[in-house]
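Residue numbers (our numbering), protein chains in the order written: chain D, 19 to 130; chain S, 18 to 132.
Encoded structure:
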């Protein structure tokens with residue numbers, strides 16, 4: 019089955035700096051890669067996703083890059099703000115199976 | 018449009034007692050997932066339904082856990098009897114389903130505490 023690894027487990031940055039979270043996956047059949055943000059006590063919410071037919075996707079301060087050959091994808095948050103503080107999860111999904119395999123999460127703290 | 022609804026939001030029980038969680042997915046979503054989330058960890062799949070059929074329940078501890086989605090809409094997850102180690106957040110999620118990967122929407126979760 020799929021194995022998703024996520025690093026780092028914790029990340030602290032100064033407000034305004036950039037944050038990068040990296041994930042690797044093992045199953046070459048995975049072709050959909052969502053990222054979720056989970057605030058304390060709340061549900062995971064999709065913030066950005068990427069499919070395997072593109073290498074990069076950007077939405078305002080958030081971007082995701084995908085390297086299919088190396089089987090890794092990364093979340094980039096620029097100009098971080100205190101409200102970006104949360105736990106971020108990556109996931110990989112082989113589309114034909116409707117299954118999602120999650121990373122172990124990164125706790126991001128943005129220091130004002 | 019209403020999101021995924023779960024109840025109860027919180028449940029405290031004593032060990033060996035039964036407990037049930039309910040989930041109503043987004044209307045029209047054929048795929049329903051039950052996940053377990055321990056503190057500081059990512060969601061772990063317990064069971065996945067495609068309509069009323071359980072297509073992936075390999076991670077469901079069947080000696081004490083059961084689930085149903087009789088009419089292919091809402092679903093119930095049951096634990097009987099509960100153990101101390103079952104304390105966690107139980108998340109329900111849904112997606113459109115079908116051949117391609119679709120966005121997965123999560124409910125607010127049920128936080129279970131077993132004393």
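All C-beta atoms, glycine included, are put in the ideal place defined by N, C-alpha and C.
For residue i, which residues in the same chain have their Cβ closer than 7 Å to its Cβ, ignoring the five residues on either side in sequence?
i	result
residue 89 of chain S	68 and 69
residue 99 of chain D	33 and 128
residue 29 of chain S	130 and 132
residue 26 of chain D	124
residue 103 of chain S	96, 129 and 131
residue 153 of chain D	Nothing about residue 153 of chain D can be read from this structure; chain D reaches only from 19 to 130.
residue 25 of chain S	127
Quick check on the DSSP output: the beta strand (DSSP E) that includes residue i runs from which residue to which?
i	result
residue 105 of chain D	104-110
residue 64 of chain D	63-69
residue 52 of chain D	50-56
residue 65 of chain S	61-67
residue 82 of chain S	82-85
Near residue i, what residues of its chain come up, given a Cβ to Cβ distance below 6 Å and the 5 sequence neighbours on each side ignored?
i	result
residue 34 of chain S	99
residue 93 of chain D	39, 53 and 82
residue 120 of chain D	107 and 109
Residues in its own chain within less than 8 Å of residue i by CB, not counting five upstream and five downstream?
i	result
residue 49 of chain S	40, 42, 65, 66, 86, 92, 109, 110 and 111
residue 85 of chain D	73 and 91
residue 56 of chain D	62, 63, 104, 105, 106, 107 and 123
residue 54 of chain S	60, 61, 105, 106, 107, 108 and 126
Please list, in chain order, the chain C residues whose beta carbon lies closer than 8 Å to that of residue i.
i	result
residue 93 of chain S	Of the chains in the structure shown, none is chain C; the protein chains are D and S.
Pop quiz: residue i and residue j are said to be a contact at Cβ under 8 Å. What is the actual Cβ separation, rounded to whole angstroms?
i	j	result
residue 112 of chain D	residue 20 of chain D	7 Å
residue 113 of chain S	residue 82 of chain S	Not confirmed; about 26 Å, so no contact.
| Can you list the beta strand (DSSP E) stretches of 3 or more residues lying completely in the stretch 72-99 of chain D, in chain order? | 74-77, 80-85 and 90-95
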